[in-house]
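Below is one structure, written out as C-alpha cells; the observations come after it.
In the working numbering, the protein residues as written are 1419 to 1860.
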C-alpha cells in the first residue's frame, strides 16, 4: 500500500521519472518501503539505467536505543555515528542493486527525512560486500568509524558497528554517486554541452591554466585568475530539481539573447518600476539585446533565467568574483562565484518559493565546479530581504564595502556550511524553537 502523505521521489529534468514510496510492512512502528515506478503524464526521457529494483526493500530511519548508545560526552566520529538513525536495506535473489539504485534509495530517504546530517545503513543480500566498496568508492557512503573516545577515557570494546555504512546528507547533495555520469544529478542535462560531438564526460577534467583580465577603465579589475571553461549552450537547461512541497520542478536555463522570448522577458522585467528601482536598467529591446550580448561575450559571467515548471519567473547573473569588480574588495579565491537576482513575475514571490530558488541557485554554483568554495553577494547593506535569505541559506556578512554606486554588504557563504545546513526545502519554520537546526545558519 501507499500513503498519500508520503512525498513523491522524482528525478530532475529531462527525466522527471517518478517513484512512489510503498509501505510493504510495519513492524514495531517501523515502516519498510519499496521504491516503485509510478509513471505520470509529464515525464521526460527514461534514465540511462533503471533506478528501481523489484526486490529491494529499506526501512524508515530508526532511532537507536538511548540506553545502548554513547552519551554526548563522547563526540568522536564513532559516537556520532552510533547516535544517528539507521536504515536496513535488503534484497532477495542474485541481482545485486547498482550504485544508482542505492543512490535513489538515499534520494528517497533525504526526501522523506531531510533533518538528519548522517544516518547509518545496514545492507544484506547477494553482493552486499562489493556494493559497499562501490558506495565508498564514489563517496556516497563511508565505513562506520572505529570505536574511539575522548582523551583519558577508555575506548569502548564493541563490534556492533562492523558492516555498517554511514551516509551523509552533505555528500548526497554534493552529487556523490550520481547515476548520470561525472556531473551531479541536478546539473547533468545532456543539452548543457550539446555543441560537443561527444559528452564532456568522455574527456579528462580541464587542466588548470591562468590568464590576466584587465577591465580598466570600464571596471576596476586587474586580476590573475584561472582560464574559465566555455559557457553552457545558450538556451540549455543547466540545473533542475523536483520540489516536493510545491510538486513542481525548479530549473535554470542559460539565457539566449537571440531568443525572442528570453529577450522579451528581460525587457519587460527591467522596465517594471519595482525592478528598475533596484537594477536601474530600463531600456528598449535593442538596448537590452546589446546588454545581454555583452554578457554572453564576457567569459567572467553568465545570464540565466529560472523556471517553476513551464513558467520563467526570474533573471540572474552569475559571475566569477575574482575578475569582477567585487574581487577588488576582498581576497577572492580562484573559484569564488557571485550572483545578482531579480524576480520578474510577482506571482512567484513569497518565502515558500524564494527559499527554493535562492538555495537552488547556490546549489547550482557549488555543483557546477567542485572547486568553488565560496558563493558571494553584494546586496545594498540596508536591504533586509536579501540579507535575510542569505542568512537562511548559511551565508554570513563579512563586512561592508563601498562600491562606486552603493554601500554593500559583502556576503560570503562557504561550501562546507551550505551543505552542512542543506537549506534545500522550505520547512515553514520561523523560530529556533520549532527548528533547532536553524541556529546553524547564524
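All C-beta atoms in this analysis are idealised placements derived from N, C-alpha and C, irrespective of residue type, glycine included.
Between the options, which lies nearest to residue i when the distance is taken from Cα to Cα?
{"i": "residue 1839", "options": "1828, 1557, 1809", "result": "1809"}
{"i": "residue 1431", "options": "1595, 1608, 1693", "result": "1608"}
{"i": "residue 1579", "options": "1560, 1586, 1588", "result": "1560"}
{"i": "residue 1647", "options": "1666, 1631, 1636, 1625", "result": "1625"}
{"i": "residue 1765", "options": "1797, 1729, 1829, 1824", "result": "1729"}
{"i": "residue 1499", "options": "1534, 1447, 1470", "result": "1534"}
{"i": "residue 1465", "options": "1551, 1586, 1780, 1596", "result": "1596"}
{"i": "residue 1622", "options": "1599, 1610, 1630, 1638", "result": "1599"}
{"i": "residue 1818", "options": "1486, 1554, 1747, 1775", "result": "1747"}
{"i": "residue 1725", "options": "1738, 1680, 1697", "result": "1680"}
{"i": "residue 1799", "options": "1592, 1696, 1545", "result": "1696"}
{"i": "residue 1440", "options": "1476, 1739, 1584, 1593", "result": "1476"}
{"i": "residue 1482", "options": "1447, 1740, 1503", "result": "1503"}
{"i": "residue 1472", "options": "1429, 1551, 1516", "result": "1516"}
{"i": "residue 1470", "options": "1749, 1480, 1451, 1631", "result": "1451"}
If you drop the 5 nearest sequence neighbours on each side, which residues of the same chain put their C-beta closer than 7 Å to that of residue i?
{"i": "residue 1649", "result": "1672, 1720"}
{"i": "residue 1529", "result": "1425, 1427, 1662"}
{"i": "residue 1761", "result": "1731, 1732, 1767"}
{"i": "residue 1462", "result": "1431, 1432, 1433, 1434"}
{"i": "residue 1687", "result": "1693, 1733, 1760, 1762"}
{"i": "residue 1569", "result": "none"}
Name the two residues that bound the continuous alpha helix (DSSP H) containing residue i.
{"i": "residue 1691", "result": "1691-1697"}
{"i": "residue 1796", "result": "No alpha helix (DSSP H) contains residue 1796, which DSSP labels as neither H nor E."}
{"i": "residue 1452", "result": "Residue 1452 -> not in any alpha helix (DSSP H); beta strand (DSSP E) instead, spanning 1448-1455."}
Please list the terminal residues of the continuous beta strand (DSSP E) segment that includes residue i.
{"i": "residue 1803", "result": "Per DSSP, residue 1803 belongs to no beta strand (DSSP E); it is in the alpha helix (DSSP H), 1802-1810."}
{"i": "residue 1831", "result": "1825-1832"}
{"i": "residue 1674", "result": "Element bounds for residue 1674: n/a, residue is neither H nor E."}
{"i": "residue 1480", "result": "Taken as a continuous stretch (DSSP letters only), residue 1480 belongs to no beta strand (DSSP E), as it is neither H nor E."}
{"i": "residue 1585", "result": "1582-1586"}
{"i": "residue 1579", "result": "That residue, residue 1579, is in no beta strand (DSSP E); it is neither H nor E in DSSP."}
{"i": "residue 1461", "result": "Element bounds for residue 1461: n/a, residue is neither H nor E."}
{"i": "residue 1734", "result": "1729-1738"}
{"i": "residue 1665", "result": "Element bounds for residue 1665: n/a, residue is neither H nor E."}
{"i": "residue 1437", "result": "1436-1445"}
{"i": "residue 1820", "result": "1814-1820"}
Would you say the beta carbon of residue i comes nearer than 7 Å to a heavy atom of the ligand MN?
{"i": "residue 1488", "result": "With respect to small molecules bound, the structure shown includes none, and the ligand MN cannot be examined in it."}
Leaving aside the five residues before and after residue i along the sequence, list all residues of the same chain whose C-beta is less than 6 Å from its C-beta, in chain order.
{"i": "residue 1842", "result": "1777"}
{"i": "residue 1497", "result": "1488"}
{"i": "residue 1494", "result": "1566"}
{"i": "residue 1656", "result": "1610, 1650, 1670, 1672"}
{"i": "residue 1813", "result": "1829, 1831"}
{"i": "residue 1613", "result": "1651"}
{"i": "residue 1557", "result": "1589, 1594"}
{"i": "residue 1549", "result": "1514"}
{"i": "residue 1562", "result": "1499, 1579, 1582, 1584"}
Nearest chain C C-beta to residue i closer than 8 Å, yes or no?
{"i": "residue 1444", "result": "Chain labels in this structure do not include chain C; a single protein chain is all it has."}
What residues in its chain sit with their C-beta under 8 Å from that of residue i, if we drop five residues either side in the sequence?
{"i": "residue 1703", "result": "1681, 1682, 1685"}
{"i": "residue 1689", "result": "1700, 1701"}
{"i": "residue 1784", "result": "1592, 1790, 1793, 1833, 1836, 1837"}
- Hey, which unbroken runs of the alpha helix (DSSP H) at 4 residues or more fall wholly within the segment 1490-1568? 1495-1501, 1517-1530, 1546-1555
- Is the segment 1703-1711 close to the segment 1660-1668, with three or more CB pairs under 8 Å? no
- Query: Going along the chain, which unbroken runs of the alpha helix (DSSP H) with 4 or more residues stay wholly within the segment 1753-1792?
  - Reply: 1769-1786
- Sufficient close CB pairs (3 or more, under 8 Å) joining the segment 1454-1467 to the segment 1431-1446: yes
- Message: If contact is defined by three or more beta carbon pairs under 8 Å, each pair taking one atom from either stretch, is the segment 1593-1603 in contact with the segment 1509-1524?
- Response: yes
- Task: Kindly provide the ranges of any beta strand (DSSP E) runs that are 3 or more residues long and lie completely inside the segment 1600-1655, ordered along the chain.
- Result: 1628-1632, 1640-1644
- Spell out a yes or no on whether the segment 1524-1535 and the segment 1506-1514 are touching, meaning 3 or more CB-CB pairs, one atom from each, closer than 8 Å. no
- Item | Secondary structure, beta strand (DSSP E): runs of 3+ residues fully inside the segment 1697-1727 | 1719-1726
- Query: Is the segment 1825-1837 close to the segment 1789-1804, with three or more CB pairs under 8 Å?
  - Reply: yes
- Message: For the segment 1584-1593 against the segment 1531-1547, do three or more pairs of beta-carbon atoms, one drawn from each stretch, fall closer than 8 Å, so that the two count as touching?
- Response: yes
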